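In full-length UniProt numbering, the protein residues as written are 19 to 351. Every residue gets a Cβ at the ideal spot worked out from N, C-alpha and C, and that includes glycine. All values reported here derive from a predicted model rather than from experimental measurement. One structure below.
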Amino acid sequence: HPPTIQMEGSSVLSRASCRAKGGAPGFKVAILGAAGGIGQSLSMLVKMNPLVSVLHLYDVVNAPGVTADVSHMDTGAVVRGFLGQQQLENALTGMDLVIIPAGVPRKPGMTRDDLFKINAGIVKTLCEGVAKCCPRAIVGLISNPVNSTVPIAAEVFKKAGTFDPKKLLGVTTLDVVRANTFVAEVLGIDPREVNVPVVGGHAGVTILPLLSQVKPPCSFTPEEINYLTDRIQNGGTEVVEAKAGAGSATLSMAYAAAKFADACLRGLRGDAGVIECSFVSSQVTELPFFATKVRLGRTGAEEIFPLGPLNEYEREGKERVSRKHSEGGLLHQ
Ligand code: NAD
Ligand code: LMR
């Protein structure tokens with residue numbers, strides 16, 4: 019029998035050496051950390067995206083199993099697996115979009131900052147690979163603490179001379195997904211009809227839901243505002259505690275990342291009006307990186323939108339983030 023897993027160096031019996039070459043046009047996407055809690059579900063969801071022609075799944079463990087599994091799905095994308103650092107360069111070569119959920123997750127009692135030491139090193143190595151092998155790819159960074167891993171990635175790209183601020187995107191979509199869900203619950207409406215901009219960062223009080231800008235327009239009581247803000251800011255901790263040592267959000271995160279990846283690909287395709295919140299290099303505030311609404315286009319985050327009118331509660335929230343920043347760097351939590 020020929021080997022049936024399309025791992026680096028293996029082949030399957032096929033009339034086409036590479037289906038994607040003769041197949042439908044689409045984008046090439048790599049997932050780094052594809053065998054993890056987020057990575058596995060995200061691999062499945064991205065394999066279902068019709069805009070993807072090639073899907074590369076990279077991890078330092080278990081990539082063959084995940085690749086074999088996902089590759090049996092009868093959707094268009096050709097799946098290839100890559101195991102271990104010596105295959106990182108091949109995993110990255112030619113990619114249009116690289117999504118990075120590699121790294122350790124929190125356990126109860128930990129802040130996201132406790133992950134910094136180990137995840138910073140992982141992100142650095144992976145971004146060095148991106149700079150070398152696909153410097154023009156859009157990078158969606160999920161690994162925590164996002165408030166710090168994104169600036170680290172920027173430094174790696176600057177050092178390599180490849181930094182393009184439009185192409186480095188911290189993934190904060192889960193904050194928006196949670197905000198939409200919790201707001202819809204309070205209002206008693208369908209979450210698919212709700213859009214809540216969430217700006218700032220991705221940790222505790224740096225997560226700033228702009229409840230005054232919710233679509234469809236609505237108003238909240240002060241009690242509802244306190245409840246929603248607290249629930250959105252601590253949504254990650256809610257899941258970490260419920261999982262009781264078995265990790266942090268993976269399923270809702272994979273869903274959010276798949277949504278985000280789809281928006282990036284629609285932008286790359288040239289669709290108009292693709293707008294998502296993302297943690298990017300920014301001049302919207304005095305902070306060097308800040309999550310806001312961005313418009314995704316052929317070259318990444320082509321437009322970064324201002325915060326829009328804030329009410330007093332939201333202005334105070336923003337001030338708190340600035341104060342924390344000037345007191346000693348970004349909050350990680
Ligand atoms: P996990 O432990 O289940 O999976 C992580 C995967 O990364 C593992 O398969 C591991 O082998 C892999 N990995 C480790 N080092 C690697 C390297 N050098 N190269 C490639 N892969 C490597 O963790 P998870 O639950 O999937 O979470 C992953 C990360 O995402 C964590 O840092 C977590 O805090 C973060 N996260 C972020 C958000 C967000 O909103 N941005 C949400 C949830 C989780
Ligand atoms: C989340 O918001 O769920 C993630 O950042 C994971 C975590 O540690 O909370």
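Distance between residue j and residue i (C-alpha atoms, nearest Å)
| i | j | result |
| --- | --- | --- |
| L229 | K336 | 13 Å |
| V141 | A52 | 14 Å |
| L73 | T239 | 46 Å |
| L226 | L75 | 33 Å |
| Q231 | K342 | 24 Å |
| T247 | P163 | 20 Å |
| Y273 | L325 | 26 Å |
| G263 | S300 | 35 Å |
| Q24 | G139 | 28 Å |
| residue 1 | E256 | Shown here, the chain extends from 19 to 351; a query on residue 1 therefore has no answer. |
| E321 | V30 | 43 Å |
| V174 | K185 | 13 Å |
| G285 | A279 | 10 Å |
| L50 | V84 | 12 Å |
| T129 | T199 | 24 Å |
| V292 | N213 | 14 Å |
| V201 | R33 | 52 Å |
| residue 352 | A290 | Nothing can be reported for residue 352, as the shown portion of the chain is limited to 19 through 351. |
| G94 | F297 | 31 Å |
| K135 | S161 | 12 Å |
| E242 | A149 | 45 Å |
| E330 | E304 | 19 Å |
| V258 | R154 | 35 Å |
| Y245 | G147 | 42 Å |
| E345 | E334 | 16 Å |
| G40 | K261 | Confidence at G40 is low in this model, with a pLDDT of 45, below 50, so the placement of that residue should be treated as unreliable; the coordinate-derived value is given next. Approximately 45 Å, taken between the alpha carbons. |
| K176 | D131 | 23 Å |
| A267 | V302 | 29 Å |
| E332 | A172 | 28 Å |
9 Å Cβ cutoff met for residue i and residue j
| i | j | result |
| --- | --- | --- |
| G318 | D182 | yes |
| Q103 | T143 | yes |
| G179 | A309 | no |
| R196 | I250 | yes |
| A275 | T191 | yes |
| I156 | C282 | yes |
| F323 | G188 | no |
| G99 | V70 | no |
| V116 | G158 | yes |
| C145 | I170 | yes |
| G253 | D193 | yes |
| K311 | C295 | yes |
| S271 | L133 | Residue 271 is actually Met in this sequence, not Ser. Not in contact: M271 and L133 (Cβ atoms no closer than 9 Å). |
| residue 353 | M91 | No information on residue 353 is available, as it lies outside the stretch 19 to 351 that the chain covers here. |
For residue j and residue i, believed in contact at Cβ under 8 Å, the rounded distance
| i | j | result |
| --- | --- | --- |
| V96 | M62 | So it is not a contact: roughly 15 Å between Cβ atoms. |
| G55 | G265 | 5 Å |
| P234 | E211 | 7 Å |
| V64 | V47 | 6 Å |
| L205 | C236 | 6 Å |
| V223 | V339 | 7 Å |
| A81 | L101 | 4 Å |
| A221 | N165 | 5 Å |
CB contact check: residue i to chain D, cutoff 9 Å
| i | result |
| --- | --- |
| E294 | No chain D appears in the structure shown, which is made up of a single protein chain. |
Within the UniProt domain "Lactate/malate dehydrogenase C-terminal" (190-335), ranges of the beta strand (DSSP E) (whole runs, at least 3 residues) | Runs of the beta strand (DSSP E) inside the UniProt domain "Lactate/malate dehydrogenase C-terminal" (190-335): 216-218, 225-227, 293-299, 307-315 and 318-322.
Counting Cβ pairs, one atom from each stretch, are 3 or more of them under 8 Å apart for the segment 104-113 and the segment 125-132?
-> With fewer than three CB-CB distances shorter than 8 Å, the segment 104-113 does not count as touching the segment 125-132.
Which residue spans inside the segment 122-184 form an unbroken alpha helix (DSSP H) run of at least 4?
-> If we require 4 residues or more, the alpha helix (DSSP H) runs fully inside the segment 122-184 come out as 134-151 and 164-178.
Counting only runs that start and end within the segment 66-97, where is the beta strand (DSSP E) found for 3 or more residues in a row?
-> Those beta strand (DSSP E) runs which fall completely within the segment 66-97 and span 3+ residues are 70-77.
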